[in-house]
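Structure record follows, encoded as structure tokens.
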Amino acid sequence: MLIRLLRTYLRPYSRQISILVTLLVAQTVGNLYLPNLNADIINNGVVEGHLHYILSTGEVMLGLTLLVGVCAVIAVYWASRVAMGAGADIRAAVFTRVQTFSARDMNQFGTASLITRNTNDIQQIQLFLQMALTMMVIAPIMCVGGIVLAIHEGAQLSTLLLVAVPVMGAFVGLMMVRVIPQFRSMQIKIDRINQVLREQITGVRVIRAFVRNDSEADRFATANAELTDTALRVNRIFALALPVMMGILNLSSVAVVWFGGRLVSEGSMPIGNLTAFLTYILQILMSVMMAVMVAILLPRAAASAERVKQVLDTVPQVSDPPSPVSPSAMTGLVTFDQVTFAYPGSERPVLDDLSFTLEPGQTSAIIGGTGSGKTTLLNLIPRFFDATTGHVIVNDVDVRSQAQEVLWRSIGLVPQAAYLFSGSVESNLRFARPDATDAQLWRALEIAQARDFVAAMPGGLDAPIDQGGTNVSGGQRQRLSIARALVKEPRVYLFDDCFSALDATTDARLRAALKAGTQDASVVIVAQRVSTIMHADRIIVLDDGRVVGMGTHAQLLTSCDPYREIVVSQLGEGAAP
Amino acid sequence: MTMGPMSVLRGGVQQPQKSKDLRGTLRRLLARLRPERFKLTLALVLGVTSVGFVVSGPEILGRAMNVLFNGIVGKELKPGTTKAQAIQLLREHGHGQIASMIAGMNITPGVGVDINDLGRVLALAALVYLLGAAFSYFQGFTMAGLTQRVMSGMRRDVEAKLSRLPLRYFDSHPHGDILSRVTNDIDNLTTTIQQGLSQLITSVLTIVGVMGMMFWISPLLAAVAAVTIPLALVVTLLIARRSQVQFTAQWKQTGTLNGLVEETHTGHELVQVFGQSAATIDEFGRQNKLLYRASFRAQFLSGIIQPSMQFIANINYVVIAVLGGYRVASGLLTLGAVTAFIQYSRQFTMPITQIASQMNMLQSGLASAERVFEFLDAGEEDPELIPALNAGPPSRGAASVKLEKVCFRYEPDKPLIEDFTLDVAPGQTVAIVGPTGAGKTTIVNLLVRFYEIDSGHIWLNGVDYRDLTRDEVRGAFGMVLQDTWMFAGSIHDNIGYGKPGASDEEIVAAAQAAHVDGFVRTLPEGYATVLDEDASNLSSGQRQLLTIARAFLANQSILILDEATSNVDTRTEVLIQEAMARLREGRTSFVIAHRLSTIRNADTIIVMDQGRIVEQGNHDELMGRQGLYYSLYNSQFSGVAT
């Protein structure tokens, strides 16, 4: 997955990558050649007593150093460009793809998961790419080059490499294998302790009301002891890593001098080659260490790539028809014609054979218990889902025959969870209509019963809104969300149980104003509270996905038992004579 | 190069922060290390010993090289001559250069490499390296125990602090901020101390040790190498400072972009229906480009630290090779000394780059420490003035509550509750009503003593609150709030929270009383079902039923109930209503009421508006007064035949 993803997104950078690899090869070869020159200084200069040779070779070394340095800096430049550029490309691709998703695609992934995939996962890939483009290229060249040159400097000595390299590789590998699961278990312990603390903060009232401070302290003490234990174990294993690696490195040097020394004394190897060999073996072992460490980033990046690829490979389940039909007029008429909706593979449909018409100028309410299909019904109108059988017709055209952009233009949605975007009150209200006048905004606020508190906010319309609208209360958020839909002046209003956080007085006032403010549009209200919907022109009572009653409050009270039950439970026996 | 896989993994992923009072924070942090000072000294001694061994290794290896070199040069000379004769001979044959080199060497003409001597020297080298590694491990081992104990203690203090903070603190600080201090900041600080402290000590010691050895072997070459230290340090710090700026920019931009992604995906439907997809993609493209620029710069700048160090190291290497070779040839230095030197100069750059990266880590760690200390310094609840159980435990069964001239203000200059008097007989129901945000929870806060009253008296069963401990007061109250808090654990444990050590039968009985037993039994795991963190696997109505069960089990004499208004389906609502009514039987209760039946039957109704109590009385009295209650009542129930 990682490779396939990278192949696609690195292709535009193939020229830069070939430059990069060339530079890295040059840099590594240069670094490897330096000890070789140093060997020459000792063999030909020092041993023979040629001062001039020492100086001239020194000049060559200096030049080489400069070249290597320049290569390295340019290589880092291109590595950063490519890694960050490819990362940005992938990020944009994921974001753009998600924009085309239907509600069902969103549900399948879950919003939180999509956010992680669009941010953290891509960051992981970027981090890996940055390392891979430098270290992963250098390490093998360094290792192979080092081995070749080491053999060249002292063929007999290189058998030492057969011992040192596997020992180093095995130890580093073993450490990783042992330490990584421990790190994971430590992370779990950290998560646990953070969870206990979070619960103590959010549940502070309950804990104190039940006088359970002591048991909370015990819970924490257990979690803390477990974390300390694991952390101690991890760090003690970890304390072994550096000493052992340095030990292997240093003992290898000692072995080189011992075996090499015998060769030198026998005259089968010049002494300068010995010093060069020493440097090579260090470089080889370092590159092995480097390679193994980068390799541990691989599984994580691969997992991230897999998750990103899933998003990119998803074909939206709802898309525009090849030749969309445009409605001739935005009447606001919504018709359900024998609509049934079932989730794929489920036995029972969520909505079962619904037929009704929502007319402009009328307020229709939908009521029913949890799971009766109210929100699903609402979601079929803007085509968040497609009906399994039957037709949903908006503005006299089946929603599946329309371009989604066109369909959405006539719809004003106020979802169950009022969500505001970061910015200001004004930017939220102008969300759909950037050209709305201030007067229009205030009018919408007035209807939504939000005028007073917006006026009282510092800055009024300019008052800042945090992401999600968390800096205003739940009731205020709902009212601003309603105002936002009002500013759009759509033909069809969809209110999905969005009055729940309002107190009865505000609810009543809002409903009255709404009736006046949405005169010729179709209004659909989904609600749990009878008081919210009992004045509607028509009430549709849903039970288990079927319409069990349709009519006005008064009509239903006498004709529809499920409705009567709801009324009695909420308003008392007296409300249903 | 930075060592250790952790530093590879973290690779600049950390949010840089600056602390306000660096010295003060450092001092307090050191004070925390004080109980561990013996272990710390031990670690330091072990570290010095280890570095001492490791640093002397190359010098001993150099001596081995000398043995070798002496041997092969000596072998070339005429056997049987003395060293002086051999030099004389070389001079006569025009090999003046070699003669002067040999003058500086310890050789016996005609004798080859002394393998035994070589063996002895190398055995010493191997021993020194082994000891170095062993002591380094002991140091790491000691440091691990030390830091874990310190951090464990710190976490314990933070938790203990949480339980001593007044409710006022939780209400006036965003939960996210408190949480971040007690989790993220503590984590960050732990990593800093764990990795940073240990490595910083080793790095500094290594630099000092290597420098010392170099000066001991050859002051001239050491002076050359010494020039590269400040050079490397300056270059590293210069680049690090610049890249830090870019990293900050990168983090800021990442935050902006992630925020955009988060809100676009969360508000997906809205973005689509309000026709903002194209505009959002444009905006994302713009922010993404900015992030690309910042992250590219940050990666590039931090990436050139390593090649720069390599460059400086290489120059150092060349200069030492040339100058060293020159001096060996001139007999002023041995070959072994030069090889040792080359190794030293290689050991040198690593700790310097490490120090630079640890400085960043340390800075961010200190900023976290400061935030944790700030939290630990926050004002605590007033200490209890009276010993526990002074007045005996509040009796079971209904209790009486009496408030007399109670005054309370959240902020001293904003009058809130003034001279509030209320007499509740055992078994009575008090309804608290008022529009959203009217401050109904203030009354709850005072009753269960989450906040202390400014003046006046509250009596529980005739005992003044001031003669009771906070826990004794709270022990008399059972609460069912809209904020249906559950902890991550089984349903069984969550219900059992109301009564420590409750038996299974008691828990099931409580669940039955709260009408939640049937539902729980439909779950595959039944009472053992584990609730996730936000209990999001239950509906809000089911959560509320569980809290009612919890209150049943706790069986306290006074109840505080918050009737839910939202998001509960009608059938569950009936269940909740019945359960609450049953819970109220035989108990004194305070109800934040929305339901007609509850309000009308209440013995006393408290009407609140804008944080203050505006009316008080029973239904008929308040209707007769035609005030706020009257209009509230009428607006809520207009159009319904009553």
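Keeping their order, the protein sequence lines are chains A and B.
With the first letter of the first sequence counted as 1, position 519 gets the number 519 in the numbering used here; the numbers rise by one all the way through.
The number in the numbering used here is simply the position in the second sequence, starting from 1, with 577 added.
Using N, Cα and C, we set each Cβ at its ideal position, and we do this for glycine too.
For residue i, does the count of other Cβ atoms within 10 angstroms reach 16, so buried, or fall short, so exposed?
i: Ala800 of chain B; result: exposed
i: Pro970 of chain B; result: Note that Pro970 of chain B scores 48 on pLDDT, short of 50, meaning its location in the model is unreliable and no value can be drawn from it.
i: Thr222 of chain A; result: exposed
i: Gly753 of chain B; result: exposed
i: Leu114 of chain A; result: buried
i: Asn1211 of chain B; result: exposed
i: Val148 of chain A; result: exposed
i: Val163 of chain A; result: exposed
i: Asn937 of chain B; result: buried
When the cut-off is 8 Å and only beta carbons count, does residue i lie next to chain A?
i: Gly1016 of chain B; result: no
i: Ile1030 of chain B; result: no
i: Ile816 of chain B; result: no
i: His752 of chain B; result: yes
i: Asn835 of chain B; result: yes
i: Leu910 of chain B; result: no
i: Thr621 of chain B; result: It is worth fixing the name first, because residue 621 of chain B is Leu in this sequence and not Thr. Chain A contact via Cβ: absent.
i: Asn865 of chain B; result: yes
i: Tyr706 of chain B; result: yes
i: Pro970 of chain B; result: Interpretation of Pro970 of chain B is limited by its pLDDT of 48, a score under 50 that renders its predicted location unreliable; no figure is taken from the coordinates.
Please report the residue range of the alpha helix (DSSP H) in which residue i lies.
i: His845 of chain B; result: 845-850
i: Leu708 of chain B; result: 692-741
i: Arg529 of chain A; result: It is not in any alpha helix (DSSP H) - Arg529 of chain A carries neither H nor E in the DSSP assignment.
i: Phe183 of chain A; result: 159-202
i: Tyr419 of chain A; result: Neither: Tyr419 of chain A is in no alpha helix (DSSP H) and is coded neither H nor E.
i: Gly629 of chain A; result: Residue coverage of chain A in this structure runs from 1 to 577, which leaves residue 629 of chain A outside it and unanswerable.
i: Ser775 of chain B; result: 775-794
i: Phe385 of chain A; result: Here Phe385 of chain A belongs to no alpha helix (DSSP H), and DSSP marks it neither H nor E.
Between which two residues does the beta strand (DSSP E) holding residue i run?
i: Gln665 of chain B; result: Segment 660-669 is the alpha helix (DSSP H) holding Gln665 of chain B; no beta strand (DSSP E) there.
Please confirm whether residue i has its beta-carbon closer than 8 Å to some beta-carbon of chain B.
i: Asp503 of chain A; result: yes
i: Ala103 of chain A; result: yes
i: Leu114 of chain A; result: yes
i: Cys560 of chain A; result: no
i: Leu351 of chain A; result: no
i: Tyr419 of chain A; result: yes
i: Asn194 of chain A; result: yes
i: Gln467 of chain A; result: yes
i: Lys309 of chain A; result: no
i: Gln402 of chain A; result: no
In chain B, which residues lie with their C-beta within 7 Å of the C-beta of residue i?
i: Thr228 of chain A; result: Gln725, Ser729
i: Glu405 of chain A; result: Gly852
i: Ile411 of chain A; result: Val850
i: Thr65 of chain A; result: Phe888, Asn891, Ile892, Val895
Who are the neighbours of residue i on chain A, taking C-beta pairs under 7 Å?
i: Phe873 of chain B; result: Ser80, Arg81, Met84
i: Ile755 of chain B; result: Ile201
Can you list the residues of chain E that residue i reaches, using a CB-CB cut of under 9 Å?
i: Ile881 of chain B; result: Among the protein chains in the structure shown, which are A and B, there is no chain E.
So with CB distances below 9 Å, who are the chain B contacts of residue i?
i: Pro458 of chain A; result: The contacting residues do not exist; Pro458 of chain A stays about 17 Å from chain B at best.
Could you name the residues of chain B that residue i contacts, counting a contact when the two beta carbons are closer than 8 Å?
i: Phe277 of chain A; result: Ordered by position in chain B, no residue passes the 8 Å Cβ test against Phe277 of chain A, which lies about 11 Å from the chain.
i: Ser41 of chain A; result: A quick correction: the sequence has Ile, not Ser, at residue 41 of chain A. The contacting residues are Ala898, Val899, Gly902.
i: Lys488 of chain A; result: Phe851
> Mind pulling the beta strand (DSSP E) runs of 3 or more residues that sit fully within the segment 1100-1171 of chain B?
Replying inline: Counting whole runs of 3 or more residues, the segment 1100-1171 of chain B contains the beta strand (DSSP E) stretches 1135-1139, 1165-1169.
> If you scan the segment 971-1027 of chain B from start to end, which runs of the alpha helix (DSSP H) of 4 or more residues do you find wholly inside it?
Replying inline: DSSP runs (the alpha helix (DSSP H)) wholly in the segment 971-1027 of chain B: 1017-1024.
> Residue ranges of each alpha helix (DSSP H) run of no fewer than 4 residues wholly in the segment 192-258 of chain A, ordered along the chain?
Replying inline: The alpha helix (DSSP H) runs lying completely inside the segment 192-258 of chain A and spanning 4 residues or more are 204-209, given in chain order.
> Considering only residues of the segment 273-313 of chain A, which uninterrupted alpha helix (DSSP H) runs meet the minimum length of 4 residues and lie entirely inside it, listed in chain order?
Replying inline: Runs of the alpha helix (DSSP H) inside the segment 273-313 of chain A: 297-313.
> What alpha helix (DSSP H) runs, 4 residues minimum, are completely inside the segment 471-526 of chain A?
Replying inline: For the segment 471-526 of chain A, whole alpha helix (DSSP H) runs of length 4 or above, ordered along the chain, are 474-488, 504-517.
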